[in-house]
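Q: If you scroll down you'll find the structure; I have some questions about it.
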Amino acid sequence: MGKVMQQRLQQPRFRTPTHEAVLAVLLASAHLREQVEAVAAETGISGQQYNVLRILRGAQPAGLPRCDIGKRTIERAPDLTRIVDRLAKEGLVERARSEDDGRLSVARITRKGLAVLDRVDPRVEALHRAVTHRIGERDARALTRICERLIES
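Sequential numbering from 1 applies to the sequence shown in UniProt numbering.
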């Protein structure tokens with residue numbers, strides 16, 4: 001068992017190697033999420049808002065209805081409507097009725113939203129470089145493959 005996990009969890013042993021691995025993934029995820037939250041907060045947005053803006057940037061210029069944004073988020077957010085509403089109130093996102101289905105509201109990132117991402121992205125990329133420095137690209141690819149298998153199950 002790793003010393004970091006042992007110190008963090010104050011647990012001398014785990015029931016199985018899988019138990020230890022699951023806790024390691026959860027702890028690493030929480031650690032990385034906290035770092036992204038801190039970086040996003042420097043620009044006045046939350047990590048979830050950053051995630052929504054990132055998704056909408058990738059959906060330019062068409063935008064996405066809320067249900068499609070929800071399918072692409074890293075963490076399922078039960079209050080996604082409120083997140084999009086707040087981003088719209090701050091001028092980072094605009095909403096309009098779908099031309100294909102008038103019942104749907106489509107969210108699009110604005111220039112102001114893109115400007116926020118332009119400020120956050122270099123900091124997030126610095127986090128990525130720090131992870132690469134710690135584990136290397138080979139282990140990063142291996143970790144991705146392992147996570148893919150976990151997600152598929």
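We treat Cβ as the ideally placed atom computed from N, Cα and C, and that holds for glycine.
1) Since I believe I69 is in contact with V52 (beta carbons under 8 angstroms), could you give me their beta-carbon distance rounded to a whole number of angstroms?
2) For S29, does the three-state DSSP call read helix, strand or coil?
3) Assign L92 to one of three DSSP states: helix, strand, or coil.
4) Do V39 and R123 have their C-beta atoms within less than 8 angstroms of each other?
5) On the three-state DSSP scale, how would you describe P122?
6) Among the candidates I109, A21, P12, E20, whose CA atom is the shortest distance from the CA of A59?
A: Taking the definition as stated:
1) What you label residue 52 is simply residue 52 of the sequence shown in a count that begins at 1. What you label residue 69 is simply residue 69 of the sequence shown in a count that begins at 1. Cβ atoms of V52 and I69 come within 8 angstroms of each other, at about 6 angstroms.
2) By one-based count along the sequence shown, residue 29 stands at place 29. In the structure shown, S29 falls within a helical segment according to DSSP collapsed to helix, strand and coil.
3) Position 92 of the sequence shown, counted from the first residue, corresponds to residue 92. Here L92 sits in coil by DSSP.
4) Looking up residue 39 in the sequence shown gives position 39. Looking up residue 123 in the sequence shown gives position 123. Against a cut-off of 8 angstroms, the Cβ pair of R123 and V39 comes out as a contact.
5) The residue you call residue 122 lines up with position 122 of the sequence shown. In the structure shown, P122 sits in a helix (DSSP, three-state: H, G or I).
6) Counting from one through the sequence shown, the residue named residue 59 turns up at place 59. Comparing alpha-carbon positions, the option among I109, A21, P12, E20 lying closest to A59 turns out to be I109.
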